[in-house]
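Numbering (mature numbering (1 follows the signal peptide of the UniProt record, and there is no 0)), first residue to last: -24 to -1, 1 to 488.
Set out below in structure tokens:
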């Protein structure tokens, strides 16, 4: 039969131990009787052989029971609230069932022990064996229970930008604050996605306390919706998963970009006609698909688009003409459609209308030789000069002769100088009206610079029939009179603006 006993600890120990005692069978109650009819006396005191958990054990499960192995069976009747005492925990009171099987005592607490607490088991000499011999000495052992396991899943406290936020900066960081430290944030558990796209935006993440901070590699697009995905694969340090997926959305501010620089200033003058390209650099990388011959072009006189190639590299658009531009101070403009050109994020240019930057070309290019012709002689005759000596001008049938190839250079005062391919050190010069050689080739003065007679000014002809043919009158700085073809001779005369003998034009020849 089995008896259940309950013991209450004395107030002296400031604890209470409720012990339920299981009794052994009746046939074990008279161990002192032998079968031979004689009686033997047991005077050996019992002792503790081992205990589990061992003395000083740590991380003991809170639902563990305690076993004590004695050197011989213990009398269940000797188990009281003073002979077996288990104490510890916040309440310092432990209720337990105590049972004995043979020489082993088992103490099984009725409720789980407390986490991270030290417990003390004391056995006094009040315990006896079946013969009534007391425990050889008082015994005590200590152990500490396990750390309380974390079974609480992490939660998301906040997400920045918040769900539904608008006008968010394109340079924003994404911040997710959790209820506790987390791990396993990766490509599958954390994503920043543009609306309508599946791929996640690249960036780098770091932790600050319980917050995960994600910095994007590139600014977001303006006026665009994005989503922030936080997945259940994220866990706390104990391995508890986020309870559910979270997906927030936000929209960015409207962003515009402007011009950073151009390859020339607006209304620039004396632009070369060849070996040149025109570019404009914006504050943002440009989407090449928005740049074409309809949205970016070079216009002649604001009307006619010239042929060329367009390239886009990062924030810069470049136009390279297929052929040389026209000289004679022609008006050109670099034109683009502000409403059509977008950056790589789809953001618009700051103005939604066409933009133009104007420039005019050189009068005559330093990159080319020019043929020098008179309106009276027609296009078949070129003006030539001797290769040496101070000879007058003459004219010759068109051909590839060095003395008909002229370099016309603009000087600082707006006047021009003439020299030809055969004699680069001699310049066209006007003499006085009474001089027998009113126009001839002359070297520079020994002191440097130019003679005033070597400086010429061009005035566009407005006479009907010649106004649109790039004809000019030529007047000398020194004389104020113009170069004329007078009876097949070259002479300096007062310009009337109505005499084809005074009309001169220049035809682009070979490139130097």
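Heads up, the beta-carbon is just placed ideally off N, CA and C, and yes, glycines get one too.
Looking at the secondary structure, which residues open and close the beta strand (DSSP E) in which residue i lies?
i           : result
residue 184 : 179 to 184
residue 347 : 344 to 350
residue 459 : 458 to 462
residue 481 : 480 to 487
residue 330 : 330 to 337
residue 133 : 132 to 136
residue 312 : 307 to 313
residue 453 : Neither: residue 453 is in no beta strand (DSSP E) and is coded neither H nor E.
residue 492 : The question about residue 492 has no answer, for the chain in this structure spans -24 to 488.
residue 64  : 60 to 64
residue 24  : 24 to 28
residue 244 : 244 to 247
residue 94  : 94 to 99
residue 190 : 187 to 192
residue 418 : 415 to 419
residue 357 : 357 to 360
residue 85  : 80 to 85
Taking all protein chains shown into account, decide if residue i is buried (16 or more other Cβ within 10 angstroms of its Cβ) or exposed.
i           : result
residue 457 : buried
residue 472 : exposed
residue 430 : buried
residue 135 : buried
residue 452 : buried
residue 163 : exposed
residue 190 : buried
residue 488 : exposed
residue 3   : Model confidence at residue 3 stands at a pLDDT of 40, short of 50, so the residue's coordinates are unreliable; what they give is reported in the following sentence. Its Cβ having fewer than 16 others within 10 Å, residue 3 is exposed.
residue 379 : buried
residue 9   : Low per-residue confidence applies at residue 9: pLDDT is 44, beneath 50, and the placement is therefore not dependable, though the value from the model is reported in the following sentence. It is exposed - the Cβ of residue 9 has fewer than 16 other Cβ atoms within 10 Å.
residue 479 : buried
residue 327 : exposed
residue 178 : exposed
residue -10 : Confidence at residue -10 is low in this model, with a pLDDT of 33, below 50, so its placement is unreliable and no value can be given for it.
residue 468 : buried
residue 55  : buried
residue 66  : exposed
residue 133 : exposed
residue 152 : buried
residue 474 : exposed
residue 309 : buried
residue 319 : buried
residue 265 : exposed
residue 407 : buried
residue 315 : exposed
residue 1   : Residue placement at residue 1 is poorly supported in this model, since its pLDDT is 39, which falls under 50; the coordinates still yield a value, given next. By the neighbour-count rule (16 or more Cβ atoms within 10 Å), residue 1 is not buried but exposed.
For the putative contact between residue i and residue j, defined by C-beta atoms under 8 angstroms, what is the C-beta separation to the nearest angstrom?
i           : j           : result
residue 526 : residue 286 : Given that the chain is displayed from residue -24 to residue 488, the structure contains no residue 526 and the question cannot be resolved.
residue 256 : residue 238 : 5 angstroms
residue 229 : residue 145 : 6 angstroms
residue 274 : residue 254 : 6 angstroms
residue 355 : residue 371 : Not quite, the Cβ-Cβ distance comes to about 12 angstroms (not below 8 angstroms), so this is no contact.
residue 231 : residue 198 : 3 angstroms
residue 335 : residue 243 : 7 angstroms
residue 576 : residue 418 : No statement about residue 576 is possible, as the shown extent of the chain runs from -24 to 488 and does not include it.
residue 353 : residue 461 : 7 angstroms
residue 233 : residue 259 : 5 angstroms
residue 267 : residue 317 : 6 angstroms
residue 483 : residue 349 : 6 angstroms
residue 76  : residue 52  : 5 angstroms
residue 45  : residue 26  : 5 angstroms
Determine, using beta carbons only, whether residue i and residue j come nearer to each other than 8 angstroms.
i           : j           : result
residue 116 : residue 21  : no
residue 72  : residue 18  : no
residue 351 : residue 476 : yes
residue 324 : residue 311 : no
residue 481 : residue 439 : no
residue 119 : residue 161 : no
residue 91  : residue 131 : no
residue 421 : residue 427 : yes
residue 140 : residue 226 : yes
residue 434 : residue 392 : yes
residue 58  : residue 28  : no
residue 382 : residue 346 : yes
Is there at least one non-hydrogen atom of the ligand FMN closer than 7 angstroms to the beta-carbon of residue i?
i           : result
residue 264 : For the ligand FMN, the structure offers nothing, since it holds no ligand at all.
Pairing CB atoms from the stretch 62 to 73 with CB atoms from the stretch 90 to 105, are three or more of them under 8 angstroms? yes
Are at least three pairs of beta-carbons, each pair with one atom in the stretch 247 to 264 and one in the stretch 334 to 348, less than 8 angstroms apart? yes
Is it a yes or a no for the stretch 210 to 218 touching the stretch 118 to 126, going by three-plus beta-carbon pairs under 8 angstroms? yes
Assess, as a yes-or-no matter, whether the stretch 192 to 206 is touched by the stretch 156 to 175 under the definition of 3 or more beta carbon pairs within less than 8 angstroms. yes
At a cut of 8 angstroms, does the stretch 148 to 158 reach the stretch 84 to 94 through at least three beta carbon pairs? no
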